[in-house]
Structures are given as C-alpha cells and as structure tokens.
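Residue numbers (the numbering used here): 2 to 218.
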C-alpha cells in the first residue's frame with residue numbers, strides 16, 4: 002500500500018483528492034494538512050511515501066514545505082500541485098527537490114499514474130508543463146554552471162547514455178530496452194548518476210540533461 006499525504010489549504014480540494022486516491026486498491030491517504038507547517042508535523046507522525054503539496058498556501062508555502070519535508074529522517078517523495086503552469090514555479094519546484102509537478106485540473110487517472118510512477122522512482126511532470134520546462138531551461142545562459150560541467154564530465158560514456166534517456170523521460174525499463182541492459186543494471190547506473198550530479202532525484206538529473214542538450218541527442 003502506497004501511503005499518501007495531501008497538503009492544500011482548500012478543504013474541498015483535499016476531500017476530492019482523498020476520494021480519488023482512496024478509491025484505488027494500492028493507494029491510501031494517511032494524513033492531510035492545510036498549510037506547510039502542519040504538513041511537516043503530519044509527515045513526522047504518518048511517514049507518508051508521497052506528499053501532494055499545493056504550491057501556494059498561507060504561512061509556509063509549498064516550495065518551503067517541500068525543502069523541509071525532504072530534510073526529515075524519513076522524507077517522502079513530493080509532487081507539487083498547482084493551478085499555475087508558469088516556468089518559474091516548475092523550475093523552482095525542481096530545484097527544491099520535488100519529484101513531480103502536476104496541475105490541479107489533471108484527470109484522476111493522470112494523478113494516480115503520477116503517484117505510482119514517483120513511488121517507483123520515476124520523474125513526473127504534467128504533460129501540460131513538460132514542454133515549457135524544456136524550452137525555459139534551453140533559453141538559460143550559461144547552460145551549465147562550472148560545477149555542473151565538472152559533474153557531467155565525471156560521468157562515464159555509458160552513464161551519459163543513460164542520462165540522455167532520463168532527460169527524454171524514459172523509465173528504467175524503457176532505458177534498459179533502448180540500451181540492451183537489464184532493469185537492475187539501469188538502476189545501478191541511475192544511482193551512480195544521481196550521486197555524481199549531486200541530484201536529489203531523476204527530475205533534477207533530467208534538468209541537467211535538458212540544460213546540457215543531451216535530451217535531444
């Protein structure tokens with residue numbers, strides 16, 4: 002059973018999300034909170050696997066809450082929820098350590114797919130904002146900081162191949178099929194890549210791939 006926490010200042014939205022999630026056989030809402038500060042305490046008690054966090058809330062906002070949630074002894078994966086698909090929120094959410102980004106009007110099946118994908122260690126960006134992320138990062142200069150360049154140069158040729166496919170949004174299974182490797186081997190490469198890039202998760206690794214232009218290769 003995948004344990005979920007919902008963090009949103011709108012009670013109607015929290016109830017709606019709970020109804021959708023609890024209807025699934027493999028998902029269960031174990032906590033909810035109306036603001037970021039309450040979410041930290043709720044996460045300590047319930048130890049959710051995933052936190053769905055609204056980006057705009059009174060008091061502690063979703064981005065601040067995300068950073069603090071990820072500092073817990075047993076941190077949940079965080080999926081940012083918002084009604085806004087502007088680039089600044091997406092990029093800042095990724096830099097805060099979020100493993101996913103969904104619009105609140107995403108279809109229920111998209112929400113459930115995102116929860117399952119993030120639980121399995123995959124990155125999850127709403128299709129409505131993925132193109133904006135890529136375009137916005139591509140316009141940034143310099144494309145990579147000196148530290149990022151050094152980290153990228155530390156990767157082996159095979160790790161670069163894997164990172165390129167992470168940047169294209171492929172799952173471990175798909176990467177394995179593309180590169181003729183077992184899924185377990187791919188997981189090992191992904192772990193090494195995250196360590197070398199000092200990345201919290203696949204989304205941040207994909208961000209480096211985007212900025213380095215690897216995802217188009």
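Virtual Cβ for every residue (Gly too), placed ideally from N, Cα, C.
Task: Classification of residue 1 by the beta-carbon crowding that lies within 10 angstroms, buried from 16 upward - done: Outside the shown range of the chain (2 to 218) lies residue 1, about which nothing can therefore be said.
Task: Secondary structure of residue 23, DSSP reduced to three states - done: As a working mapping, residue 23 is identified with position 22 in the chain shown. In this structure, residue 23 counts as helix in the three-state DSSP scheme.
Task: Nonlocal neighbours in the same chain, by C-beta distance under 7 Å from residue 153, ignoring five residues either side - done: Your numbering for residue 153 matches position 152 in the chain shown. Only 145, 209 and 213 meet the Cβ criterion.
Task: Neighbour-count burial assignment, residue 187, 16 or more Cβ in a 10 Å radius - done: Sequence index remark: in the chain shown, residue 187 carries index 186 (1-based). Buried, because 16 or more other Cβ atoms sit within 10 Å of the Cβ of residue 187.
Task: Beta bridge counterpart(s) of residue 8 as assigned by DSSP - done: Locating residue 8 in the chain shown gives position 7, counting from the first residue. According to DSSP, residue 8 bridges with 34 and 54.
Open item on the list: Need the endpoints of the alpha helix (DSSP H) that residue 157 sits in, please.
Closed with: Taking the first residue of the chain shown as position 1, residue 157 is located at position 156. Segment: none, residue 157 is in no alpha helix (DSSP H) and carries neither H nor E.
- [ ] Identify whether residue 169 lies in helix, strand or coil by the three-state DSSP scheme.
- [x] Locating residue 169 in the chain shown gives position 168, counting from the first residue. Coil.
Open item on the list: Looking at the secondary structure, which residues open and close the alpha helix (DSSP H) in which residue 214 lies?
Closed with: Locating residue 214 in the chain shown gives position 213, where the first residue counts as 1. It is not in any alpha helix (DSSP H) - residue 214 carries neither H nor E in the DSSP assignment.
- [ ] To the nearest angstrom, report how far apart residue 115 and residue 101 are at their CA atoms.
- [x] Counting from 1 along the chain shown, the entry for residue 115 is found at position 114. Counting from 1 along the chain shown, the entry for residue 101 is found at position 100. The straight-line gap from Cα to Cα measures roughly 8 Å.
- [ ] Find the nearest neighbour of residue 182 within the set 150, 47, 94 and 160, judged by alpha-carbon distance.
- [x] Start at 1 with the first residue of the chain shown, and residue 182 comes out as number 181. Considering only alpha carbons, the answer is 160.
- [ ] Determine the direct distance from the alpha carbon of residue 67 to that of residue 31, and round the result to whole angstroms.
- [x] The residue given as residue 31 occupies position 30 in the chain shown. The residue given as residue 67 occupies position 66 in the chain shown. Each residue's Cα considered, the two are about 18 Å apart.
TODO: Let me know if residue 23 comes out buried or exposed under the rule of 16 or more other beta-carbons within 10 Å of its beta-carbon.
DONE: Numbered from 1 along the chain shown, position 22 holds the residue referred to as residue 23. Classification of residue 23: exposed, given that the 10 Å Cβ count is below 16.
TODO: Provide the residue span of the alpha helix (DSSP H) that contains residue 109, from first to last.
DONE: Residue mapping note: residue 109 aligns to position 108 of the chain shown, counting from 1. It spans 109-120 - the alpha helix (DSSP H) in which residue 109 sits, taken as one unbroken run.
Open item on the list: Check whether chain C comes within 7 Å of residue 91, counting only Cβ atoms and requiring the distance to be less than that.
Closed with: The structure shown has no chain C; it contains just one protein chain.
TODO: Would you grab the beta carbon distance between residue 56 and residue 205 for me? Rounded to a whole angstrom, and I think it's under 8 Å.
DONE: Translated into the one-based positions of the chain shown, residue 56 becomes position 55. Translated into the one-based positions of the chain shown, residue 205 becomes position 204. Not really, about 17 Å apart at Cβ, beyond 8 Å.
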